[in-house]
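Below is one structure, written out as structure tokens; the observations come after it.
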Amino acid sequence: IQHRVGVEGADLIVAINTDPNAPIFEFAHLGIVTDAIRFLPALTEAFTRRLSPHSRDKLAS
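Below, the structure is given as structure tokens:
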């Protein structure tokens, strides 16, 4: 319940959890069953490649 209240109104909820039956998957828009510590570096790299240097400058502002 605490997670749900904290993200209420979000346009996109991405849940990453090793437990495929975790309650957060009931309301997440996208669910990924894996270890977040292992997954996030690859996701960060994908975002970095996708964004142009100009986009990164705008995000840092």
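Residue numbers 1 to 61, in the working numbering, belong to the letters of the sequence shown in order. In this text, a Cβ means the ideal position worked out from N, Cα and C, and glycines have one as well.
**Message:** Please list the terminal residues of the continuous beta strand (DSSP E) segment that includes I16.
**Reply:** First-last of the beta strand (DSSP E) with I16: 14-17.
**Request:** Pull up the CB-CB distance for V14 and H29, whole angstroms please, since I reckon it's below 8 Å.
**Result:** 7 Å between Cβ atoms; contact.
**Asked** Would T34 pass as a contact of T18 if the rule is Cβ separation under 8 Å?
**Response** Taking 8 Å as the cut-off, the Cβ atoms of T34 and T18 count as close.
**Asked** DSSP three-state call for L30: helix, strand or coil?
**Response** Strand at L30.
**Request:** Would you give the residue range spanned by the alpha helix (DSSP H) that I37 belongs to?
**Result:** Its alpha helix (DSSP H) spans residues 36-50.
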